[in-house]
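Letter 83 of the sequence shown, counting from 1, is numbered 72 in this note's numbering, and no numbers are missing.
C-beta: ideal position from N, C-alpha, C; glycine also.
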Amino acid sequence: MINCEYYNPTRIIFGKDTEKQVGELVSHYAKSVLVVYGGKSAKASGLLDRVFDSLKEAGISYMELGGVKPNPRLSLVYEGIEIAKKNNIEMILAVGGGSVIDTAKGIAAGAVYDGDVWDFYTVTLPEKALPVATVLTIPAAGSESSTGSVITNEEKKEKRACDHECLIPKFSILNPELTYTLPNYQIACGVADAMAHIFERYFSNEKAADVTDRLGESVLKSLMKYAPIAIKENENYEARAEIMWACKIAHDGTLGVGKVGDWASHNIEHELSAFNDVAHGAGLAIVFPAWMRYTYKQDKNLFLQFVARVLNVDIDYEYVDYSINLGIDKLKEFFKSIGLPTSLSEIGIYEKDIRGIAEHAIYVNDGEPLGNFVKLSADDIENIYRLAL
Ligand code: NZQ
Ligand code: ZN
């Protein structure tokens, strides 16, 4: 294990009806909040009204900003910053998924900054931010207890991340029942994203992190077990609860302890989302099997461990490459079985597009190669996209 620091202070309030506690929880931090939410789901389900009622009961004044779109846009972050600055907002409360939470984090950082908040996604990091809290409605991105915010600059067609511990939510309310209304496609996208968060940490050149590896493998197996159940039985509480906790733990730092994360596939995917607005998890289901096929020779033993323990491949040591590729095929089949795309052509990206997207991935990374497990140049990224065509 490499030397490391583990810090995750987000208080998690987990279980049925927990959103009713939101007003009381907010009152520990603020008297005025900006409630940020998405397109329609939180309003339609009545969740937003329950949140407002709880805030009123606790004597918290609130303003609202709806309309966050998936692959959240910078323009709405600017709007939120203006509201927060003009109205002495003391806390930003996100009611929604990763896109809403990341918008809330952008607003929180921008509200206490005189410059352009996009600076934090490009050239510098925030030193402070208003406190953020969340009522999570989709298990996926892990933003409910992560340091990250990922925002799309729609004018520049750039999707970029900002990571700083001042953005970690103070508390997050996780009620699995709130996820019953999710379309099956969104459940699948969320599961793929959480699996990707584990892969990014698991495939590392740091070998001695057995506890971390085995924890990651277990969470992957639980996700693969419960995703089909949640898709088949939309109101299966147990499946929803397991997935919600798995998605949280996949990205709260626990499964990266003692290892160096890779994160190339996330950057490679963000380019796809910026290019044609594909859902993040769907993009990852396309990218990861291709990335695995391209990089597994870096550490065949690690890949053998992965395909044996997680994908139940019966390893043939005479034909190691075959066994690994069989595992990657199984992963792809799993993604397909839960309704995700596994090729670029399925989302309208073709051979003619991939060189430009690969070069842009390097440009967004300040000209540096992507990843740590294997460092990837624009040629490598193009080859990975080609494997995914
Ligand atoms: O806008 P509404 O109507 O709410 O619809 C949303 C949206 O269309 C819908 N939805 C959410 N909860 C629902 C629901 N529909 C019915 N019932 C519910 N309970 O789901 C759709 C997707 O929502 P979104 O917030 O975009 O999903 P997700 O949580 O997957 O977030 C994806 C974003 O997070 C970023 C991704 O890049 C992407 O932009 N990420 C953020 C990270 C972080 N901050 O740490 C890390 C991740 O790797 C990821 O990059
Ligand atoms: Zn992700």
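Check your understanding: Tell me, which residues are paired with I81 by DSSP?
Key -> L23 and V121
Check your understanding: Going by Cα to Cα distance, which pick from K321, M184 and R375 is closest to E340?
Key -> R375
**Study point:** 6 Å Cβ shell around V276 - same chain, five flanking residues per side excluded
**Key:** S254, I257 and E258
**Study point:** Per-residue DSSP class, three states only, for E260
**Key:** helix
Review point. Helix, strand or coil: which one does DSSP assign to Y51?
Key: strand
Point to revise | Exposed unless 16 or more other CB atoms sit within 10 angstroms - verdict on T113 | key: exposed
Point to revise | Within 6 Å of ligand 2: residues by beta-carbon to any heavy atom | key: A130, D182, A185, H186, H255 and H269
Review point. Is N194 buried or exposed, if buried means 16 or more other CB atoms sit within 10 Å of its CB?
Key: exposed
Check your understanding: Is there contact here, the region 18 to 36 with the region 48 to 58, by at least three beta-carbon pairs under 8 Å?
Key -> yes
Point to revise | Among K321, E147, A228 and R298, nearest to E206 - alpha-carbon criterion | key: R298
Practice item. Could you check which residue in C155, A130 and G328 has the C-alpha nearest to that of K221? Key: G328
Point to revise | Cβ pair A122, L36 closer than 8 Å | key: no
Practice item. Compute the Euclidean distance between the alpha carbons of V57 and K289, then round it to the nearest angstrom. Key: 42 Å
Check your understanding: Would you call the region 69 to 78 and the region 99 to 111 in contact, with 3 or more CB pairs under 8 Å?
Key -> yes
**Study point:** Coarse secondary structure for N361, derived from DSSP in three states
**Key:** coil
Review point. How big is the Cα-Cα spacing for K9 and L125?
Key: 13 Å
Point to revise | Contact the region 178 to 185 vs the region 266 to 286: 3+ CB pairs below 8 Å | key: yes
Review point. In angstroms, rounded to a whole number, what distance separates the CA positions of I2 and Y283?
Key: 40 Å
Exercise for review: Tell me whether N225 sits in a helix, a strand or coil according to DSSP, three-state version.
Suggested key: coil
Point to revise | Continuous alpha helix (DSSP H) stretch holding I1: start and end | key: Taken as a continuous stretch (DSSP letters only), I1 belongs to no alpha helix (DSSP H), being part of the beta strand (DSSP E) at R0 to F3.
Review point. Per DSSP, what kind of secondary structure is V139 in: helix, strand or coil?
Key: strand
Review point. Shortest alpha-carbon distance to A118 belongs to which of A130, F362 and K159?
Key: K159
Check your understanding: Any chance the CB of A239 is under 7 Å from a heavy atom of ligand 1?
Key -> no
Check your understanding: How many angstroms separate the CA atom of N301 from the CA atom of S132?
Key -> 30 Å
Review point. Would a C-beta distance cut-off of 8 Å place S326 and A377 closer than the cut-off?
Key: no
Review point. With distances taken between CB atoms, is the gap from P165 to M233 smaller than 8 Å?
Key: yes
Exercise for review: Would you mind sorting P172 into buried or exposed? The rule is 16 or more other CB atoms within 10 Å of its CB.
Suggested key: exposed
Practice item. Let me know if I(-9) comes out buried or exposed under the rule of 16 or more other beta-carbons within 10 Å of its beta-carbon. Key: exposed
Practice item. Check whether the Cβ atoms of L156 and T136 lie closer than 8 Å to each other. Key: yes
Review point. Just curious, the beta strand (DSSP E) that A150 is in, first and last residue?
Key: E147 to D152
Check your understanding: Which runs of the beta strand (DSSP E) spanning at least 3 residues fall entirely within the region 153 to 233, listed in chain order?
Key -> 160 to 163
Check your understanding: Does the separation of the CB atoms of I187 and V200 fall below 8 Å?
Key -> no
Check your understanding: How many angstroms separate the CA atom of A93 from the CA atom of V267?
Key -> 21 Å
Check your understanding: According to DSSP, what are the bridge partners of R62?
Key -> T141
Review point. In the region 308 to 372, which residue ranges form an unbroken alpha helix (DSSP H) of at least 4 residues, counting only runs that do not cross its ends?
Key: 309 to 326 and 340 to 353
Exercise for review: Buried or exposed for N77, please, with buried defined as at least 16 other CB atoms from any protein chain shown within 10 angstroms of its CB.
Suggested key: exposed
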